[in-house]
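Novice: At position 18 of the sequence shown (counting the first as 1) the number is 40 in the working numbering, and the numbers step up by one without a gap. Every residue gets a Cβ at the ideal spot worked out from N, C-alpha and C, and that includes glycine.
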Amino acid sequence: MNQVLAVILGGGTGVGLFPLTRRRSIPSVPLAGKYRLIDIPISNCINSGIWRIFILTQYQSASLHRHIANTYKTDPFHGGFIEALAAQQTNEASDWYKGTADALRNNLRYIEREAFTDIIVLSADQLYRMDFGPLIRAHRAAGAAITLACTPEDDSHATRMGNIITNHPILPGGSAPIRRFVEKPDAATLATLGNPGLSLEKPHLVSMGIYVFTRKALFSLLGDQPWTTDLVNEILPGVVAAGRACAFRFDGFWDDLGTIASYHDVQLSLASDNPPFNFHSPDGVIFTRMRNLPAFRMLSASVNQSMISDGCVIGNNVILDRVLLGVRAVVGDNTTIRNTVFLGANYEESANNKAVNPSHLPLGIGDDCLIENAILDKNCRIGAGTKILNKAKVQHHDGPCYFIREGFVIIPANTAVPPGTEI
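#1: With 16 other CB atoms within 10 Å as the buried threshold, where does Tyr94 fall?
#2: For Val416, count the other beta carbons within 10 Å of its own beta carbon; 16 or more makes it buried, fewer makes it exposed. Which is it?
#3: Only counting runs of 3 or more residues, tell me where the beta strand (DSSP E) segments fall wholly within the region 165-220, in order along the chain.
#4: Does the separation of the CB atoms of Met329 and Leu315 fall below 8 Å?
#5: According to DSSP, simplified to helix, strand and coil, what is Thr437?
#6: Based on Cα-Cα distance, which residue from Thr169, Asp147, Gly165 lies nearest to Phe154?
#7: Let me know if Glu175 comes out buried or exposed under the rule of 16 or more other beta-carbons within 10 Å of its beta-carbon.
#8: Can you tell me the Cα-Cα spacing of Met23 and Trp73, whole angstroms?
#9: Quick one: what does DSSP say Thr79 is sitting in, helix, strand or coil?
#10: Indicate the three-state DSSP secondary structure (helix, strand or coil) for Val378 in the structure shown.
#11: Applying the 10 Å Cβ sphere with the 16-neighbour rule, what's the burial state of Thr211?
#12: With H, G and I counted as helix, E and B as strand and the rest as coil, what does DSSP make of Leu53?
#13: Spatial neighbours of Val431 within its chain, please: CB distance less than 6 Å, with the 5 preceding and 5 following residues excluded, ordered by chain position.
#14: Span of the beta strand (DSSP E) holding Lys406?
#15: Can you tell me whether Thr408 is buried or exposed? The criterion is at least 16 other CB atoms within 10 Å of its CB, across all chains shown.
#16: With H, G and I counted as helix, E and B as strand and the rest as coil, what does DSSP make of Asn326?
#17: Helix, strand or coil for Tyr119 per DSSP?
#18: Using the C-alpha atoms, what's the distance from Ser47 back to Asn401?
#19: List the whole-angstrom C-beta distance separating Leu392 from Arg344, where the pair is believed to meet the contact cut-off of C-beta under 8 Å.
#20: Please classify Gln148: does DSSP put it in a helix, a strand, or coil?
#21: Return the chain-ordered ranges of every beta strand (DSSP E) run that is complete within the region 281-343 and spans a minimum of 3 residues.
#22: Under the DSSP definition of a beta bridge, which residues are partnered with Ile359?
#23: If you follow the beta strand (DSSP E) that Leu107 is part of, which residue opens it and which one closes it?
#24: Quick one: residues in its chain with C-beta nearer than 7 Å to the C-beta of Ala239, no 5 flanking neighbours on either side, listed in chain order?
#25: In its own chain, which residues sit with a C-beta less than 6 Å from the C-beta of Ser65, not counting the 5 before and 5 after it?
#26: By alpha-carbon positions, which one of Arg403, Thr362, Gly333, Ala406 ends up nearest to Gly429?
#27: How big is the Cα-Cα spacing for Leu215 and Pro191?
#28: Going straight from the alpha carbon of Leu261 to that of Arg360, what length do you get?
#29: When DSSP builds the beta bridges, which residues end up paired with Phe272?
#30: Which class does Gly366 belong to by DSSP, given the choice of helix, strand or coil?
#31: For Asp278, name the three-state secondary structure that DSSP assigns.
#32: For Gly196, which residues in the same chain have their Cβ closer than 7 Å to its Cβ, ignoring the five residues on either side in sequence?
#33: Go to Leu227, then tell me how far its beta strand (DSSP E) extends in each direction, as first and last residue.
#34: Give the secondary structure of Ile432 by DSSP, where H, G and I count as helix, E and B as strand, and everything else as coil.
#35: Does the separation of the CB atoms of Val143 and Leu31 fall below 8 Å?
#36: Any idea if His100 is buried or exposed, counting beta-carbon neighbours within 10 angstroms, 16 or more meaning buried?
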């Protein structure tokens with residue numbers, strides 16, 4: 023894999039994950055208590071033996087750059103690098119990236135310096151564990167200009183993704199030429215699509231947002247069509263029409279976390295009895311920044327299908343039912359939390375700070391709270407007696423200290439919710 027270069031696209035605004043992306047980029051969004059979304063593609067590259075990685079950033083990238091610099095320090099023996107490339111003004115381009123193809127084109131000056139035969143382009147808003155070796159080998163064996171990783175999906179997922187129709191059925195780990203590609207088809211169009219050999223539950227092959235190019239194809243496609251800005255909508259159709267695109271089938275767990283509902287549901291599934299994605303697996307370790315935090319401390323609680331990260335403090339008579347607590351999360355006495363993701367805190371509040379600011383709400387969730395179906399971002403201060411229930415089942419609303427998206431109440435980062443508030 024020493025002839026493979028990786029590029030991770032990390033510059034999107036993340037509208038689907040607002041307000042979690044109000045002050046951070048998509049790759050910086052926390053995941054599974056202690057990780058960030060960017061850790062997934064980087065870890066998959068490292069575990070696959072790909073040590074040369076560029077991350078293209080643009081939107082609110084400061085925290086992402088900090089995380090990468092503090093986490094991924096390559097040694098001199100692999101001859102690799104993990105480098106963030108921020109969007110910049112150059113003699114050739116003076117605007118922000120207009121799309122995925124534009125982002126790649128504006129960084130060719132860095133990409134072309136590297137010796138590689140193939141380049142893998144990845145997204146940073148997905149959860150999966152994949153060895154890229156079989157994908158690269160299938161790409162080379164097919165002699166394709168572009169190979170897309172794909173996975174079987176049901177109708178509900180297929181309508182919001184790119185759909186792939188191949189010339190013949192593909193077994194897991196196999197590949198086939200792409201006959202047709204349809205981006206986000208409506209229900210009527212989707213009914214006319216489908217691939218033979220797939221199950222009735224998941225009859226569609228959808229793109230995973232993972233692309234492998236030959237070096238020659240990448241430079242030719244970007245250079246010969248300088249007006250193009252998007253890989254999927256502008257460049258890929260021509261390659262498919264020319265018979266130079268191939269699909270590789272992956273049947274492991276994969277999910278796009280680009281919406282609030284998918285982000286919430288996938289996070290809580292990690293704490294289930296048989297999680298679809300297992301962070302505890304010794305195979306394909308997911309890396310992240312090391313923190314010198316103590317084990318969590320719990321006084322008395324009833325806990326069901328929950329994940330509790332390092333540095334958490336949980337009070338007396340607490341109920342946690344399908345809850346994910348991020349690092350340094352604090353939960354007060356007599357509090358009940360259900361079906362909720364609490365991203366924790368970036369720091370501990372010292373006793374001295376509490377003494378100096380006695381009128382300030384303490385960091386974390388206070389006493390006697392009842393919280394259900396919510397996402398609490400970092401450094402929240404939830405006053406005692408607060409009830410977050412969304413009894414009216416509102417789907418979309420902007421409140422004074424909260425947002426509701428897809429029916430989930432979201433408390434933005436660094437927000438204080440006054441005691442006794444009912445949402």
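Specialist: This is what the structure holds:
#1: Buried is the call here.
#2: If you draw a 10 Å sphere on the C-beta of Val416, you find fewer than 16 other C-beta atoms in it, and that means exposed.
#3: Complete beta strand (DSSP E) runs here, min 3: 168-175, 184-188, 197-205.
#4: It is not a contact, given that the beta carbons lie outside the stated cut-off.
#5: When secondary structure is reduced to three states using DSSP, Thr437 falls in the coil class, being assigned neither helix nor strand.
#6: Of Thr169, Asp147, Gly165, the residue nearest in Cα terms is Thr169.
#7: Answer is buried; the Cβ neighbour count reaches 16.
#8: Spanning the two alpha carbons is a distance of roughly 9 Å.
#9: Strand, per DSSP.
#10: Low local confidence applies: a pLDDT of 48 at Val378 is under 50, so the model's placement there is unreliable, with the coordinate-based value given in what follows. Residue state, collapsed to three classes: helix.
#11: Label assigned to Thr211: exposed.
#12: Looking at Leu53 - three-state DSSP - the assignment turns out to be strand.
#13: These residues qualify, in order along the chain: Ala396, Ile410, Asn412, Tyr424, Ile445.
#14: Sequence inspection shows Ala at residue 406; the Lys mentioned does not correspond to that position. Judged by DSSP secondary structure, Ala406 falls outside any beta strand (DSSP E); it is assigned neither H nor E.
#15: Classification for Thr408: buried.
#16: Here Asn326 carries a strand assignment [DSSP, helix/strand/coil].
#17: Of the three classes helix, strand and coil, the one that applies to Tyr119 here is coil, per DSSP.
#18: Cα to Cα, the separation comes out at about 17 Å.
#19: Going by Cβ atoms, the distance from Leu392 to Arg344 rounds to 15 Å, so no, they are not a contact pair.
#20: Three-state DSSP puts Gln148 in a strand.
#21: Secondary structure in the region 281-343: the beta strand (DSSP E) runs of 3 residues or longer, each lying completely within the stretch, are 323-326 in chain order.
#22: In the DSSP output, where bridge partners are listed per residue, Ile359 has Leu342, Ile393.
#23: Here the beta strand (DSSP E) through Leu107 covers 103-108.
#24: For Ala239, where only same-chain residues beyond five positions count, the Cβ hits under 7 Å are Ala167, Ile168.
#25: Around Ser65: Ile308, Phe309.
#26: That would be Thr362, whose Cα lies nearest to the Cα of Gly429.
#27: Pro191 has its alpha-carbon roughly 14 Å from the corresponding atom of Leu215.
#28: The question names Leu, yet the displayed sequence has Val at residue 261. In a straight line, the C-alpha of Val261 is about 48 Å away from that of Arg360.
#29: Beta-bridge pairing links Phe272 to no other residue.
#30: In the structure shown, Gly366 falls within a coil segment according to DSSP collapsed to helix, strand and coil.
#31: Reduced to three states, the DSSP call for Asp278 is strand.
#32: Leaving aside the five residues that flank Gly196 on each side, the residues in its chain whose CB is nearer than 7 Å to its CB run, in chain order, Arg271.
#33: Its beta strand (DSSP E) spans residues 226-236.
#34: Here Ile432 sits in strand by DSSP.
#35: Yes, these two residues count as a Cβ contact at 8 Å.
#36: Classification for His100: exposed.
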